[in-house]
Amino acid sequence: MSTNSTVDAIDALYRSESRRVLATLIRLLGEFELAEEALHDAFAAAVERWPVDGVPANPRAWLVSTGRFKSIDRIRRRAKFDASLVAVADRLAGTVAPAPDVDDESVEDDRLRLIFTCCHPALAPDAQIALTLREVCDLTTEEIARAFLTPAPTLAQRIVRAKAKIRDARIPYQVPERSELAERLDSVLHVIYLVFNEGYSASSGQTVTRYDLSAEAIRLGRLLVELLPEPEALGLLALMLLHDARHAARTSDDGELLLLDEQDRSLWNREQIAEGASLVERALTSRRFGPYTLQAAIAAVHAESPDAAATDWRQIAGLYEVLRRLDASPIVELNYAVAVAMLEGPAAGLERIDAILGRGDLTDYPLAHSARADLCRRLGRTAEAAAAYERALSLTRQEPARRFLERRLSTLDGIDADNELRR
Amino acid sequence: MKYLCLIYENERAWESASKEQMEAIMGEYYQFTDDVRKSGHYVGGEALQPTQTATTVRVRNGKVSTTDGPFAETKEQLGGYYLIEAKDLNDAIQVASRIPGAKQGSVEVRPIMSFDNQ
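See below:
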């Protein structure tokens, strides 16, 4: 094999294997920082050796054991200056089996260990997200910082602190036991969901979506389903696929936000919808499904409806009924109210939204006010609609969403003039 | 690895508890302490007198200043602690979640810093 093609092969291998090798090295070396150095050393050694010696029969095993030995060497060298490290080097060299465990099964377990450790609930939520994107997805600190509109040094520090907590508080590198699995899985799913949401509907900034984060979340979701096909993991992947399938139709050519009923459904990704719908079905038949699966089922009803008018609102309202029982959050109530408005008319929906706001919930949530505005508009209560759009506008930071609300407001102003003209 | 489990609770709730309620809570603590002794997690632990008996000491510019109590505005106060020996954080969380005070207040789990060579 020529040198160039070997280097290309190493590049490709880095992309496909580096996270697996890292996950296993963390298990063997017991520390994130050491494992990252070892990973780097192992690939540097491959670039040096493979063009001469040829690519080994089992590249992954070669990388893991090279990384491990390089790490022990490194610690031995440092031990000359710091005697306390002698014991660390001896421990790593001695207690680890001579041929580290790199068969497929233990490597896949290591990947799960890595995910569960990065998403450990003892870490702050934004640290969980940053660490997962850095260690599991191999995004650079700069990429993560840009995606979350956070200064890179802040983000880097967040990751450093999280790793220090894992080390100092001794967060174990393991997949939780059966008895804890449901709770711990929730925290993993939540991280993936937040990453997806940030990509799908960026909380601020010039554009509606930051597509890279959605794609990354879907990749993570697929990995999780592959490693641990629990019903809610299927449900979350389905939910993301179904929402993301509408990606191309969510904005107009000039970047404006389009609502579900305004979207060109021929732009929806049918393949992705079919995949999402079949995952929903798998999750539902397990009978151990939860909120993610139910939300995915609702998204599937929308996705499979040929046009907005044909939407099966009865089924959607029914699914929200079940969801309310599992997750009685004001956001779910709000969505249920919108479904009720579609099924029974705007007055019934408005009554529910007013009840939510009356309890003091969602008063700072722009979508509650824009939904309320829309129902007032449909009931001909123009002044109330205008006030509610204004309120939503004052709470919205995302530019396209702001323009959308401004458009709605200006159409309201036009209603009276419009009625005059039609006469 | 050693962890300190700091138990934060609302003192007021304790002050206004009936004799039966106090006995029930004490019973739960005796049971818990007994359990963690048997499981080998227990290293030590004490209950504290309420914060009105507390004094805060600071030294500033070489001068000792003494004030009454800790910050009065917090809703929960440090009421006691357990020092435990646990395999890792997950193990420590398991133990901490069984401390009776976790049901009303909260338990802060802090790894103990070790200064000897690793």
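Note that the protein sequences, when read in sequence, are chains X and E. Residue numbers for the first sequence follow the numbering used here, beginning at 1 and rising by one. Residue numbers for the second sequence follow the numbering used here, beginning at 1001 and rising by one. Ideal Cβ positions, reconstructed from N, Cα and C, are used throughout, including at glycine. All values derive from a computational prediction rather than experimental measurement.
Under the DSSP assignment, R359/X falls outside any alpha helix (DSSP H); it carries neither an H nor an E label.
T1074/E: not part of any alpha helix (DSSP H); DSSP gives it neither H nor E. Contact between L239/X and Y292/X holds: their C-beta atoms lie close to 6 Å from each other, under 8 Å. Residues are counted here when their Cβ sits less than 9 Å from a Cβ of chain X; for the stretch 1059-1088 of chain E these are A1086, K1087, D1088, given in chain order.
Look at L112/X here: in three-state DSSP terms it is helix.
Close to chain E, meaning a Cβ-Cβ distance shorter than 7 Å, are the following residues of the stretch 167-201 of chain X: D168, A169, R170, I171, P172.
Note on geometry: alpha-carbon atoms of P51/X and A45/X lie some 11 Å from one another. Comparing alpha-carbon positions, the option among L224/X, I171/X, N335/X, S214/X lying closest to V1109/E turns out to be I171/X. For E108/X, the closest of E48/X, E226/X, A130/X by C-alpha to C-alpha distance is E226/X. Per DSSP, R1060/E is one residue of the beta strand (DSSP E) stretching across 1055-1060. Closer than 8 Å at the C-beta level to chain X, one finds no residue of the stretch 1007-1036 of chain E.
Assignment of alpha helix (DSSP H) within the stretch 163-218 of chain X, counting only whole runs of 4 or more residues, yields 178-200 in chain order. For D261/X, same chain residues with a beta-carbon under 6 Å away, outside a window of 5 residues either side, are A308 in chain order. Chain-ordered listing is empty here: chain X has no CB closer than 8 Å to the CB of P1100/E, the nearest sitting near 21 Å. Burial of I218/X is indicated by the presence of at least 16 other C-beta atoms within 10 angstroms of its C-beta.
The beta carbon of A122/X falls within 8 Å of a beta carbon belonging to chain E, placing the residue at that interface.
A direct Cα-to-Cα measurement between A162/X and L123/X gives close to 6 Å. Under the 8 Å criterion on CB atoms, P1111/E is classed as interfacial with respect to chain X.
The continuous beta strand (DSSP E) containing L1006/E extends over residues 1002-1009.
Taken atom to atom, the span from the alpha-carbon of S252/X to that of L258/X is near 7 Å. Relative to the Cα of M1022/E, the nearest Cα in the group G1101/E, P1111/E, S1114/E, V1064/E belongs to G1101/E.
Take the alpha-carbon of G30/X and the one of G345/X: they are about 60 Å apart.
Taken through DSSP and simplified to helix, strand or coil, S1065/E comes out as strand. For A238/X, the enclosing alpha helix (DSSP H) starts and ends at 231-244. Here the alpha carbons of S71/X and E37/X stand approximately 7 Å from one another. In this structure, DSSP gives L284/X a helical state, which the three-state scheme calls helix.
Contact annotation: C376/X and L350/X have beta-carbon atoms nearer than 8 Å.
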